Amino acid sequence: MSTTTASNTNEPPPPNNDDPPQPPSVFSTLPVDIVLNILARVPRNHHPMLSCVSKNFRSLVRSSELHMTLSLQGNDDSFYVCFRDFDSPSLTYHWFTLDDDQRRLVSVPFPSPPEPNSAALMIGHEIYLVGGYRNHSCRSIWILDSRSAAMRKAPRRHVACCFPAVGLVDEKIYMFGGHQDEHNEIQAEVFDTKTQTWDVAPNPDMRVKCVSMSAVNPSLDSKIYVRDTDGQVIVYDPSDGKCEKIYDVQDDVSLWSQDVCVIDNVRYIYQECFGLMWYDSEDMEWREVTGYKLGYCSANRVTLAEYKGKLAFIRECYCSTKKKTEIWCVILALEREGDALEIVGEVEWAGLILSVPHGYEIMHCLGRTD
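The opening residue of the sequence shown carries number 1 in full-length UniProt numbering; numbering runs sequentially from there.
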C-alpha cells in the first residue's frame, strides 16, 4: 500500500451533511389560535423572556391578535389617565380611559385618591394608590377596583413615612426611604399583592432620601431605580438590600412626572435636549431611539407609559386661543434586532385624544403590568 493511500485511510471520515434536521418545536406545529390562547395565560411580566426565545414569539407577544385574545378572556389592556384639577379649591381628580376605537380618552367615574400625591400602579384590574401625605406621614394603601370603581383600604404598613421610594417587582410593592426615623429598625417593607400582606424587606445599605413626590420607580432586572431630591440615582436590590449609585441623564427631571418607562426590561426617558432615549444596561450608557422624531416638548409636560407592549408618548400642550390644554398621544412600536445597539421607534398612530381645562395636569398614567 502506498504512503498516500495509507495516510488517506487514517484520516477521519468527512462530516455527514445529510444529518436529519432537528424536529420542530411543539409550538410551531400548533395552530396559531391555540398558541395565542396559551400565551394569553402567561403573565405579562414574563413576556420579555418570551420575546427572547425567537422572532416568532416576539411578534406574537406584540401582536394585536394576542391582545384581542386577552380581551375576550376578560384580561383586556385597560389604560387609564388621572388628572388633578389645580384650579379647584378641593384639588379634585378626574379619571379617563383610552377608547381604542375612537382613539380618545373617555371619562370614567372613579373616586379621587384619599391621600394627595400618592403613587399609583396597576396590577390586573386593580389600581394601587401608595404613599402620599396629608401634613403627616402615611401608612396606608388604597386599592381601586377598575371594574366596579369601588375603593377599599389595604392593611396598614408597619412604619409610617411620607415621600417614600416605591417600586414594583414580581407583583410585590416595595417601599423604602423617604421621611422616616433613620434609627428605626425597619427601613423597607414589601406588600404582597397576592396575599395582601406586609413583610419586612432588606434595609437599604445606604441612606435613601425622599423623592420629590411619591413615584413608582421603574425596575430593571428585578432591581429598583430611585432618584432622590439631591439628583442621586440609587439602584436598590430587594433581594439583599444592596444599593449602588449610578450616573443619570435626568439631572433636571423629577421621577414624579412619570417620564420614565420600562418596556421589555428596557428603560426609556424623554429629554428635552436629546429626545426619546433608552438605557443600555450592559454598557451603562444612554442611547437615542432612532426612527420617528417626536420633536421638542418640555420634559415636565411629557408622560411615558406602556400600552399593549408599546410606548405611549403623551404630551400636554396649552392652547391659548381656546384656553384649554390639549392632550396629544403617539403610540410607538419599539424594535431591537438581536444584540444591535439600536432601538427603532415606529409610529402606530398619533393624534389629539382629549382637551381639558387649563388647570388640569396629568398625575398618573397606568396600564396593566400583570
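Quick reminder that beta carbons are idealized off the backbone N, C-alpha and C, glycines included. Remember, predicted model here, so these are calculated numbers, not experimental data.
| said: Using a 10 Å radius around the Cβ and a threshold of 16 neighbouring Cβ atoms, would you call Ser118 buried or exposed? | reply: Along the sequence shown, one-based indexing puts residue 118 at 118. Classification for Ser118: buried.
- Task: Grab me the residues of Gly167's own chain with a C-beta within less than 6 Å of its C-beta, minus the 5 sequence neighbours each way, in chain order.
- Result: Along the sequence shown, read from residue 1 onward, the residue named residue 167 stands at position 167. The answer, listed in chain order, is Tyr174, Asn217, Ser219, Ile224.
Worksheet item: If you run the structure through DSSP and keep just helix, strand and coil, what is Phe57?
Response: To locate residue 57, count along the sequence shown from 1; it is residue 57. Looking at Phe57 - three-state DSSP - the assignment turns out to be helix.
Pull up the CB-CB distance for Cys138 and Ala160, whole angstroms please, since I reckon it's below 8 Å.
Here residue 138 refers to the residue found at position 138 when the sequence shown is read from its first residue. Here residue 160 refers to the residue found at position 160 when the sequence shown is read from its first residue. About 6 Å separates the CB atoms of Cys138 and Ala160; that is less than 8 Å, so the two are in contact.
Next item on the list: Taking Ile246 as part of the beta strand (DSSP E), name the residues at either end of that continuous run.
Entry: On the sequence shown, position 246 is the one that residue 246 refers to. Segment 243-246, the beta strand (DSSP E) holding Ile246.
Requested in this report: Give the DSSP-derived three-state secondary structure of Ser212 in the structure shown.
Outcome: Taking the first residue of the sequence shown as position 1, residue 212 is located at position 212. Residue confidence for Ser212 is low, a pLDDT of 48 falling below 50, so the modelled location carries little weight and cannot support an answer.
Exercise. Is Val289 helix, strand or coil by DSSP?
Worked result: Taking the first residue of the sequence shown as 1, we reach residue 289 at position 289. Here DSSP, grouped into helix, strand and coil, assigns Val289 to coil.
key: Classification of Phe86 by the beta-carbon crowding that lies within 10 angstroms, buried from 16 upward   = Counted from its first residue, the sequence shown places residue 86 at position 86. Its Cβ having fewer than 16 others within 10 Å, Phe86 is exposed.
The segment 310-322 / the segment 358-368 touching (three or more Cβ pairs under 8 Å): yes
Just to confirm my understanding: we take Lys153, look at its own chain, exclude 5 residues before and 5 after, and list those with CB closer than 7 Å. What are they? Locating residue 153 in the sequence shown gives position 153, counting from the first residue. Closer than 7 Å at Cβ, skipping near neighbours: Ser140, Trp142.
>> Tell me whether Thr321, by its Cβ, gets closer than 8 Å to a heavy atom of the ligand PLP.
In response: In terms of ligand content, the structure shown is empty, and the ligand PLP therefore cannot be addressed.
task: Keeping to the same chain, check which residues put their C-beta closer than 8 Å to that of Thr290; ignore five residues upstream and five downstream.
output: As a working note, residue 290 is residue 290 in the sequence shown. These residues qualify, in order along the chain: Glu342, Ile343, Val344, Gly345.
TODO: Kindly indicate which residue of Gln196, Gly359, Pro238, Trp328 has the alpha-carbon position closest to the one of Trp349.
DONE: Counting from one through the sequence shown, the residue named residue 349 turns up at place 349. The option with the nearest alpha carbon to Trp349 is Trp328.
### Task
Could you work out which residue in Trp278, Thr29, Phe57 is closest to Arg267 when comparing CA atoms only?
Along the sequence shown, one-based indexing puts residue 267 at 267. Selected option, being the one with the closest Cα: Trp278.
field: Range covered by the alpha helix (DSSP H) that runs through Leu36
entry: Position 36 of the sequence shown, counted from the first residue, corresponds to residue 36. Start and end: 32-39.
According to DSSP, residues forming a beta bridge with Ser107: As a working mapping, residue 107 is identified with position 107 in the sequence shown. In the DSSP output, where bridge partners are listed per residue, Ser107 has Phe96.
- Query: In the structure shown, what three-state DSSP assignment does Leu66 receive?
  - Reply: Along the sequence shown, read from residue 1 onward, the residue named residue 66 stands at position 66. Of the three classes helix, strand and coil, the one that applies to Leu66 here is helix, per DSSP.
Given Phe191, which residues of its chain have a CB within under 6 Å of its CB, disregarding the five upstream and five downstream residues?
Sequence index remark: in the sequence shown, residue 191 carries index 191 (1-based). Excluding positions up to five away in sequence, the list reads Ile173, Trp198.
ask   = Which residue comes first and which comes last in the beta strand (DSSP E) that contains Glu326?
value = Position 326 of the sequence shown, counting from 1, holds the residue named residue 326. It spans 324-335 - the beta strand (DSSP E) in which Glu326 sits, taken as one unbroken run.
key: Beta-carbon proximity list for Gln22, same chain, < 6 Å, skipping 5 on both sides   = Here residue 22 is taken as the residue at index 22 of the sequence shown, counted from 1. Residue confidence is low: Gln22 scores 47 on pLDDT, short of 50, so the model does not pin down where it sits. No coordinate-derived value is stated.
### Beta-bridge pairing of Asp199 - partner residues as DSSP gives them
By one-based count along the sequence shown, residue 199 stands at place 199. In DSSP, Asp199 forms a bridge with Val190.
Query raised in the report: Looking only at C-alpha atoms, which of Tyr307, Gly295, Pro89, Leu294 sits nearest to Asp100?
Result: By 1-based counting over the sequence shown, the position of residue 100 is 100. Checking every option, the nearest Cα to that of Asp100 belongs to Tyr307.
Quiz item: Do you know offhand how far Met284's Cα is from Ile246's?
Solution: Taking the sequence shown and counting its residues from 1, the one referred to as residue 284 is at position 284. Taking the sequence shown and counting its residues from 1, the one referred to as residue 246 is at position 246. Going by the C-alpha atoms only, they are around 9 Å apart.
* Look at the Cβ atom of Ser78, then the Cβ atom of Thr92, and state whether they are nearer than 9 Å. => As a position in the sequence shown, residue 78 is number 78, starting the count at 1. As a position in the sequence shown, residue 92 is number 92, starting the count at 1. Against a cut-off of 9 Å, the Cβ pair of Thr92 and Ser78 comes out as no contact.
| query | Taking the Cβ atom as the reference point for each residue, do Ala201 and Glu185 lie within a distance shorter than 9 Å? | reply | Position 201 of the sequence shown, counted from the first residue, corresponds to residue 201. Position 185 of the sequence shown, counted from the first residue, corresponds to residue 185. Going by C-beta atoms, Ala201 is not nearer than 9 Å to Glu185.
Notebook entry, point to check: Skipping 5 residues on each side, what residues in its chain have a beta carbon closer than 8 Å to that of His358?
Noted result: Position 358 of the sequence shown holds residue 358. The beta carbon of His358 sits closer than 8 Å to those of Asp87, Tyr318, Lys323, Lys324, Thr325, all from its chain and outside the five residues before and after it, given in chain order.
Checklist entry - Can you name the start and end residues of the beta strand (DSSP E) that Asp85 belongs to? => result Indexing the sequence shown from 1 puts residue 85 at position 85. Element bounds for Asp85: 79-85.
Can you give me the start and stop residues for the beta strand (DSSP E) that Cys319 sits inside? Working through the sequence shown from its first residue, we reach residue 319 at position 319. 310-319 is the extent of the beta strand (DSSP E) around Cys319.
Distance between Ser148 and Gly351 (C-alpha atoms, nearest Å): The sequence position of residue 351 within the sequence shown is 351, counting from 1. The sequence position of residue 148 within the sequence shown is 148, counting from 1. If I take the Cα positions, the gap works out to 30 Å.
- Query: Is Leu50 helix, strand or coil by DSSP?
  - Reply: If you number the sequence shown from 1, residue 50 lands on position 50. Looking at Leu50 - three-state DSSP - the assignment turns out to be helix.
* Asked: Is the distance from the Cβ of Phe176 to the Cβ of Asn203 below 9 Å?
  -> Counting from 1 along the sequence shown, the entry for residue 176 is found at position 176. Counting from 1 along the sequence shown, the entry for residue 203 is found at position 203. Phe176 places its beta carbon less than 9 Å from that of Asn203.
| Helix, strand or coil: how does DSSP classify Arg157 here? | In the sequence shown, counting from the first residue as 1, residue 157 sits at position 157. It is coil, neither helix nor strand.
DSSP puts Cys261 in a beta bridge; with which residues? Translated into positions along the sequence shown, residue 261 becomes position 261. Paired residue(s): Tyr268.
Span of the beta strand (DSSP E) around Ile362: Taking the first residue of the sequence shown as 1, we reach residue 362 at position 362. Note, Ile362: beta strand (DSSP E), 360-367.
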